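Numbering (our numbering), first residue to last: 597 to 806. Just so you know, even glycine gets a beta-carbon here, dropped at the ideal spot from N, CA and C. The model shown is predicted, which means the values in this text are computed figures rather than measured ones. Below is one structure, written out as structure tokens; comments come after it.
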């Protein structure tokens, strides 16, 4: 099991190293730079953990599909569309409801959008037998492009020249952990992983998915 876990990671590092060599970059120096800036500096590790939080939620959702034998490769598109809608809706919602409720509503909206984007591949697989690997890959490219269009044309912050959504006021964001820049979303993401693990291994629903 350890080899099955580490094998793909090592293979990816080797392939990426070959690409770096092909473009004239020392892979060892490059990997060392990434580790130094991302893990071995106080600010770097905080930024890494903060960016890990949404990926934990993404992983929690994909675990269920993979455990059921469904190869959902459209996670990128689903994630980005959910993220864009959450980022666009949260600044509006905080104006009409408490911040904590606005964040929950934005999170739920993002979940609905992500699920809706994966609905077409699911229906094609269920009723037409179309391979979900192909359809989810196609949908992720469309989702990524649509997310870019939404940010640049629909939800763009009119107060800046940078293509981005409106920023949420600091006081309305998730609180930080202690005296760091790490968002408490990391704790929520870890909790989601633990809950999904327990559901998959300790409940009848999870065992039926195998």
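Write down the C-beta distance between residue i and residue j rounded to the nearest angstrom, noting that I regard them as a contact closer than 8 Å.
i	j	result
residue 805	residue 663	5 Å
residue 613	residue 623	4 Å
residue 729	residue 667	5 Å
residue 646	residue 782	7 Å
residue 758	residue 659	Not confirmed; about 35 Å, so no contact.
residue 649	residue 785	5 Å
Confirm, please, whether the CB-CB distance from residue j to residue i is below 8 Å.
i	j	result
residue 694	residue 764	no
residue 682	residue 653	no
residue 716	residue 731	yes
residue 710	residue 665	no
residue 626	residue 616	yes
residue 655	residue 790	no
Among the options, which has the Cα closest to the Cα of residue i?
i	options	result
residue 657	645, 646, 670, 647	670
residue 749	782, 680, 696, 706	680
residue 735	651, 767, 720	720
residue 744	754, 760, 756	760
residue 746	768, 803, 685, 649	685
residue 697	726, 769, 651, 599	769
residue 718	706, 602, 651, 661	661
Going by other Cβ atoms of all chains shown within 10 Å of its Cβ, with 16 needed for buried, is residue i buried or exposed?
i	result
residue 797	exposed
residue 751	buried
residue 608	exposed
residue 780	exposed
residue 690	buried
residue 599	exposed
residue 651	exposed
residue 699	buried
Q. Do the region 721-739 and the region 663-682 touch if we need at least three Cβ pairs shorter than 8 Å?
A. Contact between the region 721-739 and the region 663-682 is present, with at least three C-beta pairs closer than 8 Å.
Q. Per the contact definition of three or more C-beta pairs closer than 8 Å, is the region 629-643 in contact with the region 767-785?
A. The region 767-785 is in contact with the region 629-643.
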